[in-house]
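Counted the way our numbering counts, the sequence shown spans residues 2 to 216.
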Amino acid sequence: MNDPEFWHNKWASNKIGFHLHDVNPLLTQFWSVLEPQREESVLVPLCGKSEDLVWLAERHNEVVGVELSQIAVRAFFAEHFYTPLVTQLGNHHELYQFDELSLYTGDFFTAPVDKVDLIYDRAALVALPPEMRVAYAERIKLLLKPGGRMLLVSLDYPQEELAGPPFSVAEQEICELFDGLKVTLLDCNEESAKGPQRAKKGLSRFAETVWLIES
């Protein structure tokens, strides 16, 4: 990440408002669009300690996550009473394994992960500033097997009205980032700017968008 300390500090101080305590309803609603098979491998970039990992592991034989924060990965296993096998991978990465789950700690851009069939991104792209998104998209293209599919959840709001993260990544940018792949908008959930949370943040417009990206 361009500022790893930012995220390390978030986890160390437990300032994790981005963390959902339940499985993301957009995952359960749209995952079937990918026509996923149990034997297909799944990658979750910047996974945190997401409950989505458990949901995916119940449906796939291999679920791989990458998370910068060691605190987040250890918390994930502790909170689920899983005892992982931990392997040190050089100076910059660790691998935590338990049943279908393999979680790497360290930088997503250098984590030694293999190509996968499916990718699920709820909080990775929107966590990255503009200057890092191109490199992220190129890494995704590299890791997606031929015929692979990605479910991407993004945000679309006037960036000048709120400093990220999470950042706004609008339709045009998503199409440009994943140029060469088939990009399909599955859903655009426009929240009323009058809602208390959005009003408090002073946003005039806010939408959560869901995308299918196919190689």
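For each residue, glycine too, the CB sits at the ideal point set by N, CA and C.
{"Query": "Option nearest R75 by Cα separation, candidates N92, E63, C48 and L57", "Result": "C48"}
{"Query": "The segment 92-105 / the segment 61-79 touching (three or more Cβ pairs under 8 Å)", "Result": "yes"}
{"Query": "Beta strand (DSSP E) segment containing R150, residue limits", "Result": "L145 to D157"}
{"Query": "Residues bridged to P46 [DSSP beta-bridge criterion]", "Result": "V67"}
{"Query": "Cβ contact (3+ pairs, closer than 8 Å) linking the segment 155-162 and the segment 81-89", "Result": "no"}
{"Query": "Residue closest to C176, alpha-carbon to alpha-carbon, out of A164, W212 and R206", "Result": "W212"}
{"Query": "Sequence-distant residues of the same chain with beta carbon closer than 6 Å to N93, five excluded per side", "Result": "Inspection of the sequence shows that residue 93 is occupied by His rather than by Asn. Counting only Cβ-Cβ distances below 6 Å, and skipping sequence neighbours, we find G107."}
{"Query": "Exposure of L218, with buried meaning 16 or more beta-carbon neighbours within 10 Å", "Result": "Only positions 2 to 216 of the chain appear in this structure, which leaves residue 218 out of reach."}
{"Query": "Same chain, Cβ closer than 6 Å to L86, five either side skipped, listed in chain order", "Result": "Q98"}
{"Query": "Three-state class that DSSP yields for A168 in the structure shown", "Result": "The sequence given here has Phe at residue 168, not Ala. In the structure shown, F168 sits in coil (DSSP, three-state: anything other than H, G, I, E or B)."}
{"Query": "Secondary structure of A73, DSSP reduced to three states", "Result": "helix"}
{"Query": "Three-state class that DSSP yields for L126 in the structure shown", "Result": "helix"}
{"Query": "Own chain partners of F179 with C-beta closer than 7 Å, once the 5 adjacent residues on each side are dropped", "Result": "A138 and I214"}
{"Query": "Simplified DSSP state of A79, which is helix, strand or coil", "Result": "helix"}
{"Query": "Rounded C-alpha distance that separates R206 from R134", "Result": "23 Å"}
{"Query": "Close-in-space but distant-in-sequence residues of the same chain around L126 (CB under 7 Å, 5 per side omitted)", "Result": "R134, Y137, L153, S155 and V170"}
{"Query": "Contact under 8 Å by Cβ, V117 with L144", "Result": "yes"}
{"Query": "Buried or exposed (CB count within 10 angstroms, at least 16 for buried), F109", "Result": "buried"}
{"Query": "Residue from A73, K183, Q38 and P46 whose Cα sits closest to the Cα of P113", "Result": "P46"}
{"Query": "Residues of its chain near F77, where Cβ-Cβ distance is below 6 Å and the 5 sequence neighbours each way are ignored", "Result": "K50"}
{"Query": "Straight-line Cα distance separating A164 from I141", "Result": "25 Å"}
{"Query": "With 16 other Cβ atoms within 10 Å as the buried cut-off, status of R123", "Result": "buried"}
{"Query": "Whole-angstrom C-beta distance between V34 and H61, which should lie under 8 Å", "Result": "At roughly 15 Å, the Cβ-Cβ gap does not stay under 8 Å, so H61 and V34 are not in contact."}
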